[in-house]
Structure formats: C-alpha cells, structure tokens
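Inspection log for the structure reproduced underneath, given as structure tokens.
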Amino acid sequence: MTGEFLLELLCEEIPANALPSIREQLTENFASELAGAGYQGFTVRVASTMRRIVVHAAGLPAMQPDREEEVFGPPVRAAFSNDGSPTPAALGFAKGLGVSVDSLRVAQGPKGEVVAATKQMPGRPTPEVLGEICERIIPELHVPKAMRWGSGEHTFVRPVHKIVALFGEGAFTEKVPVSLFGVGSNCSTVGHRVTSPGRIDVRGVKGFAAYEHLLAEAGVVLDPEERRRTIEGCAGSLAAEVGCEVRPDPALLAEMAELVECPGLLRGEIAGRFLDLPDEVLVTTLRHHQKCLVLVRDGAVAPYFLAVCDRPDDPEGHVRRGNEWVAGARLADAAFFFSQDRKKPFASRREALAKVMFHQKVGTFAQKSKAVEALAGSLAEAAELGLAPELIAHACSLLKLDLTTSMVGEFPELQGVIGGIYARLGGEPEEVWHAVADQYVPVGLEGALPRGPLAAIVGVADRLDTLAGMFGAGEIPSGSKDPFALRRAALAVVRIAAEAPLRCDLQEATHRALLLRKDTVTGEMDAAVAALLDFLEERVRYYLTTAAGVKPEVADAVLAARWGVVPDDVARARALEAVRGEEVFGSLAVAFKRVRNMVSKSGEGRFMGQLLREPAEKELLAAVSRAEKEVQRTVERGDHEMGLRALAGLAAPLDTFFTDVLVICEDKDLRAARLALLGRVEKVFLRLADVSRLSAP
Amino acid sequence: MDLQSLILTLSRYWGEQGCVVQQPYDLEVGAGTMHPETFLRVLGPEPYRVAYVQPSRRPADARFGENPFRFGKHFQMQVILKPAPENVQELFLASLAALGVEPAVHDVRFEEDNWESPTLGAWGVGWQVLLDGVEITQFTYFQQAGGLDLQPISAELTYGLERIAMFLQRKNSGFEMEWGGGLTYGQVRHQDEVELSRYAFDVADVDMLRRQFEDWEREAGRCLEQEEPLVIPALEAALKMSHLFNLLDARGAIAVTERVALIGRVRKIAQRCARAYIAQRERLSFPLLHRQDNEAQKGNAAPRNRGNAGNGRAATPHGGSGGRKRGGSSRSKRDEGEPGSRS
Chain V
26 MTGEFLLELL CEEIPANALP SIREQLTENF ASELAGAGYQ GFTVRVASTM
76 RRIVVHAAGL PAMQPDREEE VFGPPVRAAF SNDGSPTPAA LGFAKGLGVS
126 VDSLRVAQGP KGEVVAATKQ MPGRPTPEVL GEICERIIPE LHVPKAMRWG
176 SGEHTFVRPV HKIVALFGEG AFTEKVPVSL FGVGSNCSTV GHRVTSPGRI
226 DVRGVKGFAA YEHLLAEAGV VLDPEERRRT IEGCAGSLAA EVGCEVRPDP
276 ALLAEMAELV ECPGLLRGEI AGRFLDLPDE VLVTTLRHHQ KCLVLVRDGA
326 VAPYFLAVCD RPDDPEGHVR RGNEWVAGAR LADAAFFFSQ DRKKPFASRR
376 EALAKVMFHQ KVGTFAQKSK AVEALAGSLA EAAELGLAPE LIAHACSLLK
426 LDLTTSMVGE FPELQGVIGG IYARLGGEPE EVWHAVADQY VPVGLEGALP
476 RGPLAAIVGV ADRLDTLAGM FGAGEIPSGS KDPFALRRAA LAVVRIAAEA
526 PLRCDLQEAT HRALLLRKDT VTGEMDAAVA ALLDFLEERV RYYLTTAAGV
576 KPEVADAVLA ARWGVVPDDV ARARALEAVR GEEVFGSLAV AFKRVRNMVS
626 KSGEGRFMGQ LLREPAEKEL LAAVSRAEKE VQRTVERGDH EMGLRALAGL
676 AAPLDTFFTD VLVICEDKDL RAARLALLGR VEKVFLRLAD VSRLSAP
Chain G
179 MDLQSLILTL SRYWGEQGCV VQQPYDLEVG AGTMHPETFL RVLGPEPYRV
229 AYVQPSRRPA DARFGENPFR FGKHFQMQVI LKPAPENVQE LFLASLAALG
279 VEPAVHDVRF EEDNWESPTL GAWGVGWQVL LDGVEITQFT YFQQAGGLDL
329 QPISAELTYG LERIAMFLQR KNSGFEMEWG GGLTYGQVRH QDEVELSRYA
379 FDVADVDMLR RQFEDWEREA GRCLEQEEPL VIPALEAALK MSHLFNLLDA
429 RGAIAVTERV ALIGRVRKIA QRCARAYIAQ RERLSFPLLH RQDNEAQKGN
479 AAPRNRGNAG NGRAATPHGG SGGRKRGGSS RSKRDEGEPG SRS
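Protein sequences appear in the order of chains V and G. Per the numbering used here, the first sequence starts with residue 26, numbered consecutively. Per the numbering used here, the second sequence starts with residue 179, numbered consecutively.
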C-alpha cells in the first residue's frame, strides 16, 4: 500500500495572474524532485484558490527507495602507485564513502580516467524527504511580483499564515515537518474567510478527496477548473433568464475563477440611459474596470452585467446593489467624459494636437500626423490601390485627435476606438472612421485586420513612421527592452502588408519613412536605414515561420533572395515549402551553393556567349535562357511553384557543367565568360529563392 | 452613516487598536502617504501605529464640481501599522464591521493592486479592497520609501472617505452625500471645487509656480545641508514642490519630456530626507524601539482582543439623518467605547 501527501499553504490573497504559473511550476518541480529522490509511479496534482496553494502527491511508499550513486574520485594515476597499491588518496576516497578499497573501479570521468565507487544510499522516511522538497522548491517559485512582510525577512508572493503538511496511508496521519517563511507546519487550516472561518482539522482525514470535501463544506472550492465551470454555468443561466447571451470572454472567466474561493455570480442592471454610450465604452467600462461579463441581445450590449463574488448567495441584495452602484458610477463617469468631448466638433481638436508630444526626440503628434499623411500617400500609390489622396490626407488628419479627448485620458486602452466613434458620430465616411478606429489593430498574429484598404495603408504608414522616428532617434529595441513596443508595431506592418494585402515594397517605404524624419535622425542616416531594414526583415522572417508556417531555412532562402513586397515573400516561401521535399531540390541546393561561391569570389565578369565552346556549357547556357523566360512568365502569373520547378530543370545541366568544365581556367576571357554564365544562373535563382540555404535532404 | 460619523468611527476604532490618532498635515499634499507620519515613520526599525484624515489635493482630478465622482480635493483616512501585524486583514475587516458593514451579508474581496509613488521613491504591494464590488480602501505593504528598503514592513490602509460615505448612503453624487450637521457635502464643499478647478486649470500663474518650485528646491537643499540636517523643513519643501508640480501639470504647463525630470528632482529631496531621518533617529538610538520593549505585551495583546470585540458588536445604527448626526456619533462612541474592558 502506498501513501499520499498533502501540503496546504494558507496565504493572504494571491494575485490572479500569479496563480496559473505557480500551479504549473509546482506540478513540474515537485514531480521532478520526487523522481530525483528515487520515487516512481507517483502522481502529483496542484490546486489553488487565491488564499491557498495545495500540493497532493499519491503513490508514495512510506520509505524512500534505496538508491545507488556512482561517485567519481581521484584520477587513476593519483589513486594507485606504480606497483598497483592504493595511495592515501584512494584510501581516503573509499573511506569517505564507507566502501572497501577493493570495490573501487576505473571509470571515464569528465577529465580522463578516475576511480569510481558505488555509493549506497539507503532510503529515508518519506515524510522527511517530502518536507525537504517543499522547503527547497517553494521559496524558489517565480512570481510576477514578490513582497516582504512583517519583520521583512521573508519574500514570497503574499504573506503565508499556516502550513498543513501531512502524510499517511489511507489517511493523513503523520505530520510532515516543513518550515517556510518562518511558519512551521501544522495539522489544521481554516475555511472560507466569511462564511466558515473556523478551524478545520486535517489530521486523520481519509485522503485527498475527503480533504477536498471538507473544504467544500467550509465554502472553499479548491479546483480552479471547477470554479470556472460553476461561474460559466451560472453566467449562462443568469443570461438566459433575461433573454440574453453572455458576450464570450474566456480570459475573463478564467480570471474570475482565480479571484474567489467560493464562486458566486450575480446579475446587475444598468440604467437604460447608459445604453446610449457606444458599445465599446460600455464593454470597456464593465469588463476592464469592473471585471464584469457583459450580456448581449441581438448583437448589442444589453442593460445587464454579471459580477463575480466570493460567496454563494446575496441574502439581502447588498452585493448586487453595490455592484450596480459602482457600475453606474463608472458609466456615469464615462457618460460625463463622453458628453464633454462631444461639446466641440471632433475635427476642431487639431490645434490641441500640436501640444501633445509623441516622443521628445521625434516631435509632436501634429508633426506625426503630417509625416504619416505623406508616407501613406506614397504607399497607396506604390500599392496601386486607387485611393484618392484627399481621402488619405483627411483620414490622417483625424488619426490622432482622440489623444486630446477626456475619454482616452480616462480609458487609454480605447485610443483609436474612441477616435473612430467620434469620427463616425461626426459624419465621416465609413472608410475614414474605420481607418481611425482600426489604427492599432492587429495586435499580434491573431485578431482582425484593419477594415478596408484605407485603414490598412494608414495603419502601415503610422507604424512605419513610428519605427522610422524611433530608429532615427536611436531608440532601438535591444534584448528584452522594447519600451515602445516596436517589435509589435513592425510585426503589424508585416501582417497587414501580407494579408490586406499591400503590394508595396517595404524596403522602399523604409527609406521614404526615414527621409520624412530626416530632421530628427541623430546619427548616420544610412545606419538608421540599415538597422530598420534588418529589424523589419526579422519580423518578415518571424511571420513566415509562424503565420505562414514555413521552416526557418525556407524563410532564409526566400529572404536571402530578396524581400519587401510581403505578399510576394509569403507566396515564394509557401511555394518553396511545398516543392522542397522533391528529390531534385537536394542536389540543386548543393549545385547552387557552388554557383554562389564562385560568383561571390570572382565577380561576374562580362558575358560573352560566343566564347563558350564546351557542350556542357553550351547546354547550361540554353537551359538558363529557357529558365529565365519561364521564370519571367511564372513570376508574372504569381505561380512560384512552377517557377521553382523551372529552376529545378537547371540541376542536371549544372552537374554536368561542374563535372566537365573547369571554370577557373588559364584563358582570362573564357574564365570571365564562364563566371558570367554562372552569374546569370545566380540571378534567375534569386528572383525566387536562394536555394543554397536549404539543407540537403 | 454620514461623513463625519464615518471619520469619528474609524478614528475611534483605530485609536483603540493602539494608533496615535493624528491630525491632517497642514500643507497641500496629494495623498496621506506624504504626511511625515507615514513617509518618515515607515523608515527605520521603530514600531509605530497612526491614523489620521488627510485632505488630499489632486488638481488634475478637479472637475468644476460638475462630475459627481471627481474632486480636486478629497479626504483619505490613512492608517499605518508598523510592523504590519499578522492579523492586519482581520483588523481591517473589523473596522468595516464598526461601520455597520456585516461581512456575513456582504462580499469583501482583496484584489491585487500595487502602489508606486515616483515622487517619493516609494512602492508597495497590496490590494484594492472591494466591498460589494466597490473599491473602498487601498491596502499596501510598503516595500520601499525614499528609495530605501524597509524593514520592518508597514501596512498602509487608505480609506477613500467620500467613496465609502456615498456607498453607505447609496448616493449617486458625492455632492449629495450627507456630511453631518444637517448639511450635504455639496453644501460644505461645492464652491471650493468650482474655484479650485478654475484656479488649477485656468488661473494659476505658471511662471510663479515654476519660480516657487525652484525656490523650494533650493530651500530644501539648504535645510539638508545644515550641520544637523533639518528633516521636517526639507520634507515640507519637497511636499510644496510636489504640489506645485501637480498644479503645473493640471495647468497643462509640463511637457511630457519635462515631467520625468521634475518628478526626479522632488524624489531626490525626498530620498535625502529619508536618509537624513534615519541618521537622525539613529543618533537618538531609535527611541521608540525601547518603548516597544516596555510595552510590547500590552501593545500587542490589546488590539487583537478589541478587533474581535468590535467585530461582534458592530451593529452601529445608521440611517439616522440630518441634524441628528451628533447624537449618532456619540451613540456609536458609546457602543464602540464599551469594550473599554481594555485594561
């Protein structure tokens, strides 16, 4: 029969965002410590509420299994004298381990041959081992923000008040000695702070399920997933009662489950007048500021919300009234700011923008709007979107105006969205207010794109200008330091260009963006351009290997050829990913590598086809000419797979060429002609991909 | 419960927990934390317990008395418990019970909310306490003040008095909330809010404010450079700088770029004050440490008992209105006073 172990840390309220990671770390670290201590076939489960962290391990024998460990000693040379007798070093080593000198073996240590012995490690009582594991791993848990308390000697996520640590077979009969944060282990805990604050004796409780049951009776649901399900179920029925649905919000549901020991949910009502506020404002106020689920009916926000509480009921209605009162207060606040903002026309805020600083080294938002306008104009032209320049200019002039509104002052996370609402209410055409509203989307690889080509162009131009301004001013992200979220901005540029799609060259756009910011470039312009190009190329690579799902070497091959028109970069990468498995591409990679080596070492030379005389080189010439024409056609059609197959047709002629022809020959002109032929080969490949980057299959 | 009964009840309650019931600091400050009874007392090893109301000035939050929830000046009830006792959460919950909030029928939650004051070089970790979803108190374990690591750790409880009074009275506007003496908060304070808003947003003389900022910075330096540094006068100068900064900010006179630098200048003085204060207390051999030796048992045992007693008997009357406030508060005084079995 095996035993089980229970650890409960009773703490002050632990932040919701710390708990999932604490559970993961503990599960992993506890299991690996047990395995390291020689245990097998055990299970580890970690549960938590905001007030307690609980570890349960089952399948543990009362005694730790005996173990053997190979211990390395002194080098063989030092351990035995010439006649083979053991030196004092060997004798000391054996004695230290309690083994006889005769049992020493020779083993290969990290630095040569050494003597080794097998050390017998008899198992110790499991509770002792468990106590030590707890004391080792719990103080090492990584938490987002640790604190000190009381006398200030200990550091943990929140103060720890009680520790229950018990072991037993069939029942938790034996106290496990654990001392953490100045608190010694004991046998009792407490229930829910308000509904069941009394002492709960855990010693003698018959197993984990019984313990969980005891806690449940004391108002504590230990399993976060169970709490989440309870809240989710309540939400569904509370919504159905008033003919609504819950606005889906899995992240908030999970967070709610971390905020309570006793999951309760209540429905509050919102005064009808607040429904005049834009839905985005209602949702933000209720969700972000009050952590409430929002109900919807027929696609619009309904006058209800669901708030979590740490109790099963609301006997006198206080909890509902309190939540309604504060939601009403928040919404009244929002309504006040909203009406303040609406007192003057949105477009009349332009002057105020001159006073809002974008970045001290780069300038104001008024200046930024101008730069974005110029950049967006040229991007739209390059992408051949047929957008009227006046329309672009108008959208850009409205873009940042919401930064001067009280609503954005109050709800910074709604910047853009608020501008979009005011532009819409101000009677702007849909594509214009979409451009304003969607300027900060997408945030990552998921989520919707800006709506419409104008919004796409403006979104790209705004971020490219930000990147140019920052790189010009030397604010370049390094390592984990990216205070202006420039990586995210660059990724959004790439994703919009890829998926909108925008057929403009990001390399050209980068030059243009930095030129527009030339007055604030602090160092060398060329260096800034080069740094930003590298940075963008990195984001394209990231996009290719994640969103487009190609292998890193495929992304390398495609980007090494050229990059910038992102939809084309993606298409080439996908094509190469599709065909690279075909056998011919293995040998093609090797052959092309030789081509690139020769061309890079010797230069291209001048192409004089008439000098070529060997059959192999004539054949290659003919093959290159054919490939050039074919690739031209496939590029025009965007059929890169076909283009790559055309290149594959060069594999055989290249092989023959390298076998039969000596490129670096005595005759200078002939050598130049042959190198030039290889130069043409290189060029036609690089229209699609540098296949020399592919590893041979 | 009206505002003044709220203040009286909390003052009495915390007084019974062994706090010095202090008075507001007589300078314009942004928060109760800036009162030397918090900012200086949390430094060094000496134990301390204090409670006081602090009118707190936030010129940028002023709304001409038009927004029912925003005030350019509001009242905080500030409590410092140093070191934070193990039952600090229970003590806090008992203070709610003293206000007539029975946990058994309410929802009280502690949700993470950390606090930082770049001006004071101070930060802490803690929660906002939500009563039925309403944030009523900021609960912070101070980790650093004046750039110095703290040991022992103090607990700071900051009750938002307007918020709590509005909540208890179920008022939808702060200005309609009953203050006491038969008057509403609006009747007592509305005109202040209108005028302070006009001053902060439209009238304050930016050049004068800047000049004074510089002057007080120099003055703080002079105080700290005395052979025996003058800690309180230097800190007062820093507090004035902080308020001047807030006024400049509300006036829209601080460029984003300048902001960090100005805050840094105040912080520098606050940090020097903190170091000078500790040196000063050390020269005095931390006198309150010795007091602790003498009264340790008394001081520790008493509050605990009372916390529980208060909890049990907290059914203070509320809902009395208008002119009866005095009666109400003396009644509650008697109620809370009775456990006087404190000896």
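Idealized CB from N, CA, C, for every residue including glycine. Everything numeric in this text was worked out from a predicted model, so none of it was measured.
Query: Spatially closest choice to V:SER422 from V:VAL466, V:VAL483, V:VAL468, by CA coordinates; Result: V:VAL483
Query: Any chain G beta carbon closer than 7 angstroms to V:GLU38; Result: yes
Query: Contact set between G:TRP305 and chain V, taken where Cβ atoms lie within less than 7 angstroms; Result: GLU38
Query: Residue from V:GLY193, V:GLN635, V:ALA282, V:ARG718 with nearest C-alpha to V:VAL227; Result: V:GLY193
Query: Unbroken stretches of the alpha helix (DSSP H), 4 residues or longer, contained in the stretch 582-652 of chain V; Result: 591-604, 609-627
Query: Partners in chain V for G:ILE342, counting only beta-carbon separations shorter than 7 angstroms; Result: By Cβ distance, chain V contributes nothing, its closest Cβ being about 11 angstroms from G:ILE342, past 7 angstroms.
Query: Same chain only: Cβ atoms within 8 angstroms of V:VAL387, ignoring 5 sequence neighbours per side; Result: LYS393, GLY494, MET495, GLY497, ALA498, ARG542, THR545
Query: V:CYS529 versus V:ALA522: straight-line alpha-carbon distance, rounded; Result: 8 angstroms
Query: C-beta neighbour in chain G for V:ASN348, strict 7 angstroms; Result: yes
Query: 8 angstroms contact criterion, which V:ALA724 and V:LEU404 should meet: CB distance rounded; Result: There is simply no residue 724 of chain V to check, as chain V begins at 26 and stops at 722 in what is shown.
Query: Beta-carbon separation (whole angstroms), V:GLY293 vs V:ASN348, contact threshold 8 angstroms; Result: 5 angstroms
Query: Contacting positions in the stretch 230-255 of chain G - beta carbon closer than 7 angstroms to chain V; Result: ASN245, PRO246, PHE247
Query: Chain-ordered neighbours of G:ILE441 on chain V, where CB pairs are closer than 8 angstroms; Result: The contacting residues do not exist; G:ILE441 stays about 15 angstroms from chain V at best.
Query: Spatial neighbours of V:LEU703 in its chain, beta-carbon cut-off 6 angstroms, leaving aside the 5 residues before and after; Result: VAL620, MET623, VAL624
Query: Classification of G:LEU346 by the beta-carbon crowding that lies within 10 angstroms, buried from 16 upward; Result: buried
Query: For G:ARG287, the three-state DSSP class (helix, strand or coil); Result: strand
Query: Partner residues on chain V for G:ASN350, Cβ-Cβ distance less than 9 angstroms; Result: TRP350, GLY353, ALA354, ALA357
Query: Pick from V:VAL433, V:LEU439, V:ASP427, V:PRO467 that is closest to V:GLY451, judged by C-alpha positions; Result: V:ASP427
Query: Beta-carbon proximity of G:ARG400 to V:ASP335, cut-off 7 angstroms; Result: no
Query: Own chain, CB closer than 7 angstroms to G:ARG414, minus 5 neighbours either side, in chain order; Result: Residue identity differs from the one stated: residue 414 of chain G is Glu in this sequence, not Arg. Once the five neighbours on either side are set aside, the close Cβ partners of G:GLU414 are LEU205.
Query: Range covered by the alpha helix (DSSP H) that runs through V:THR570; Result: 550-570
Query: Identity of the residue in V:HIS419, V:ALA413, V:LEU439, V:ASP490 nearest V:VAL397 by Cα; Result: V:ASP490
Query: Contact with chain G by V:PHE330, beta-carbon distance below 7 angstroms; Result: no
Query: Min CB distance G:LYS262 to chain V below 7 angstroms; Result: Here residue 262 of chain G turns out to be Ala, not Lys, going by the sequence shown. So, interface residue.
Query: 7 angstroms Cβ cutoff, V:ALA363 in contact with chain G; Result: A small fix is needed here, since residue 363 of chain V is Phe in this sequence, not Ala. Taking Cβ atoms only, chain G never reaches closer than 7 angstroms to V:PHE363, which makes this a no.
Query: Under 8 angstroms by beta carbon: chain G residues contacting V:GLU471; Result: Here the premise fails: no neighbours, minimum Cβ distance about 26 angstroms.
Query: Coarse secondary structure for V:GLU58, derived from DSSP in three states; Result: helix
Query: CB contact below 7 angstroms: V:LYS170 versus chain G; Result: yes
Query: Close-in-space but distant-in-sequence residues of the same chain around V:ALA439 (CB under 6 angstroms, 5 per side omitted); Result: Sequence inspection shows Leu at residue 439 of chain V; the Ala mentioned does not correspond to that position. Within the same chain, V:LEU439 has close Cβ partners THR309.
Query: Of the listed residues V:GLU153, V:PHE617, V:LEU645, V:ALA72, nearest to V:LEU247 (C-alpha basis); Result: V:ALA72
Query: Closer than 7 angstroms to chain V by CB, G:HIS284; Result: yes
Query: Within 7 angstroms, strictly: CB atoms of G:PRO411 and G:ALA454; Result: no
Query: Start-end ranges of the alpha helix (DSSP H) lying completely within the stretch 302-334 of chain V, minimum 4 residues; Result: 304-309
Query: Euclidean distance between Cα positions of G:THR531 and V:ALA234; Result: In the structure displayed, chain G extends from 179 to 521; residue 531 of chain G sits before or after that span and is not available.
Query: Own chain residues within Cβ distance below 8 angstroms of V:PHE683, not counting five before or after; Result: ALA616, ARG619
Query: Contacts of V:SER176 in chain G (Cβ-Cβ under 9 angstroms); Result: PRO261, GLN329, PRO330, ILE331
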